[in-house]
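**Student:**
Residue numbers (this note's numbering), protein chains in the order written: chain Z, 1 to 150; chain C, 1 to 64.
#1: Quick one: is residue 14 of chain Z buried, meaning 16 or more other Cβ sit within 10 Å of its Cβ, or exposed?
#2: In whole angstroms, what separates the C-alpha of residue 98 of chain Z from that of residue 86 of chain Z?
#3: Would you check if the distance between the CB atom of residue 41 of chain C and the CB atom of residue 22 of chain C is smaller than 7 Å?
#4: Would residue 123 of chain Z and residue 76 of chain Z qualify as a contact pair, given that the criterion is a beta-carbon distance under 7 Å?
#5: Sort Z:19, Z:39, Z:24 by Cα distance to residue 139 of chain Z and report the nearest one.
#6: Looking at the structure shown, is residue 109 of chain Z part of a helix, part of a strand, or coil, going by DSSP?
#7: How many Å lie between residue 141 of chain Z and residue 36 of chain Z at the Cα?
#8: Mind checking if residue 62 of chain C is an interface residue toward chain Z, Cβ cutoff 7 Å exclusive?
#9: Under a three-way DSSP split, which group does residue 44 of chain Z fall into?
#10: Mind checking residue 47 of chain C: buried by the 16 CB within 10 Å criterion, or exposed?
#11: Considering only their Cβ atoms, is the gap separating residue 68 of chain Z from residue 130 of chain Z smaller than 7 Å?
#12: Using the C-alpha atoms, what's the distance from residue 119 of chain Z back to residue 59 of chain Z?
#13: Determine, using beta carbons only, whether residue 79 of chain Z and residue 92 of chain Z come nearer to each other than 7 Å.
#14: Hey, would you say residue 33 of chain Z sits closer than 7 Å to residue 128 of chain Z, going by beta carbons?
#15: Quick check on DSSP: helix, strand or coil for residue 77 of chain Z?
#16: What is the DSSP secondary structure of residue 115 of chain Z, counted as helix, strand or coil?
#17: Quick check on residue 47 of chain Z - is its C-beta less than 7 Å from some C-beta in chain C?
#18: Classify residue 97 of chain Z as helix, strand or coil using the three-state DSSP reduction.
#19: List, in order along the chain, the chain Z residues whose C-beta lies closer than 7 Å to that of residue 17 of chain C?
#20: May I ask you to report which of helix, strand or coil DSSP gives residue 12 of chain C?
Written out as structure tokens, the structure is:
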């Protein structure tokens with residue numbers, strides 16, 4: 001099959017080649033987006049930092065850090081995978097959303113949670129909020145890497 | 001590790017901490033231009049406070 005010739009007499013890539021290159025490039029963008037998303041989950045703000053969105057990276061890191069620190073200081077419940085019921089398991093998923101801060105929160109509470117007072121209950125909510133916020137930020141980093149968000 | 005010092009917050013203080021931190025995070029994630037971010041943060045914070053206090057006020061008669 002003849003290759004199309006452009007105005008300068010140079011043969012342009014065949015449509016199949018261009019299509020294959022486009023698919024390859026799209027697959028590369030998707031892979032990068034997944035990497036940024038997972039990085040953002042593991043270390044809050046990293047997904048944005050890798051895309052040079054420094055302001056967002058700093059705000060996400062500080063927001064998740066402040067909420068996790070406050071939740072742990074208020075002796076909120078940091079759920080483990082050995083939950084007794086569905087709510088405990090749901091809480092575990094939310095807490096796990098904080099990435100490395102989950103490990104930090106466990107380490108910051110050597111005496112365990114104290115939800116016998118209202119403060120402990122508020123702390124539990126702040127920890128869950130930190131996790132869900134970070135999952136949202138990781139999703140934002142993924143979408144930004146795919147060019148869907150500014 | 002000995003853990004973090006204990007933090008005692010009232011319900012309102014915890015609610016305020018939540019509202020401020022989440023509003024700032026939403027503002028930065030949801031908007032790109034600084035002016036838009038500030039507007040979004042203030043508006044979001046105001047809504048958090050108004051809705052939160054409104055719900056608390058509506059539930060107050062059932063708390064006794």
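Yeah, the Cβ is synthetic: ideal placement off N, Cα and C, and Gly gets one too. In this text, all values refer to a predicted model and were calculated from it rather than measured experimentally.
**Tutor:** Well, looking at it:
#1: As a first step, residue 14 of chain Z must be located in the first chain, where it is residue number 14. So residue 14 of chain Z ends up on the exposed side.
#2: In the first chain, counting from the first residue as 1, residue 98 of chain Z sits at position 98. In the first chain, counting from the first residue as 1, residue 86 of chain Z sits at position 86. Taking the straight line from one Cα to the other gives about 19 Å.
#3: As a first step, residue 41 of chain C is located in the second chain; it is residue number 41 there, counting from the start. As a first step, residue 22 of chain C is located in the second chain; it is residue number 22 there, counting from the start. Not closer than 7 Å, so no.
#4: Locating residue 123 of chain Z in the first chain gives position 123, counting from the first residue. Locating residue 76 of chain Z in the first chain gives position 76, counting from the first residue. Cβ distance < 7 Å, so residue 123 of chain Z and residue 76 of chain Z count as in contact.
#5: Here residue 139 of chain Z refers to the residue found at position 139 when the first chain is read from its first residue. Checked all of Z:19, Z:39, Z:24; the closest Cα to residue 139 of chain Z is Z:39.
#6: Taking the first chain and counting its residues from 1, one reaches residue 109 of chain Z at position 109. Here residue 109 of chain Z sits in coil by DSSP.
#7: In the first chain, residue 141 of chain Z corresponds to position 141, counting from 1. In the first chain, residue 36 of chain Z corresponds to position 36, counting from 1. Approximately 6 Å, taken between the alpha carbons.
#8: Taking the first residue of the second chain as position 1, residue 62 of chain C is located at position 62. Answer no: the Cβ-Cβ gap between residue 62 of chain C and chain Z never drops below 7 Å.
#9: The count along the first chain starts at 1 and reaches residue 44 of chain Z at position 44. Note: residue 44 of chain Z maps to coil in three-state DSSP.
#10: Taking the second chain and counting its residues from 1, one reaches residue 47 of chain C at position 47. When all chains shown are included, residue 47 of chain C counts as exposed.
#11: In the first chain, counting from the first residue as 1, residue 130 of chain Z sits at position 130. In the first chain, counting from the first residue as 1, residue 68 of chain Z sits at position 68. Closer than 7 Å, so yes.
#12: In the first chain, residue 59 of chain Z corresponds to position 59, counting from 1. In the first chain, residue 119 of chain Z corresponds to position 119, counting from 1. If I take the Cα positions, the gap works out to 25 Å.
#13: Stepping through the first chain from its first residue, residue 79 of chain Z is reached at position 79. Stepping through the first chain from its first residue, residue 92 of chain Z is reached at position 92. In this structure, residue 92 of chain Z lies closer than 7 Å to residue 79 of chain Z by Cβ.
#14: Here the question's residue 33 of chain Z lines up with position 33 in the first chain. Here the question's residue 128 of chain Z lines up with position 128 in the first chain. No, these two residues do not count as a Cβ contact at 7 Å.
#15: As a working note, residue 77 of chain Z is residue 77 in the first chain. In this structure, residue 77 of chain Z counts as coil in the three-state DSSP scheme.
#16: Sequence index remark: in the first chain, residue 115 of chain Z carries index 115 (1-based). Here residue 115 of chain Z sits in coil by DSSP.
#17: Counting from one through the first chain, the residue named residue 47 of chain Z turns up at place 47. By this cut-off, residue 47 of chain Z is not an interface position.
#18: For the purposes of this step, residue 97 of chain Z is identified with residue 97 of the first chain, where counting begins at 1. In this structure, residue 97 of chain Z counts as coil in the three-state DSSP scheme.
#19: Residue mapping note: residue 17 of chain C aligns to position 17 of the second chain, counting from 1. Those are 70, listed as they occur along chain Z.
#20: Mapped onto the second chain, residue 12 of chain C falls at position 12. Residue 12 of chain C falls in the helix class under three-state DSSP.
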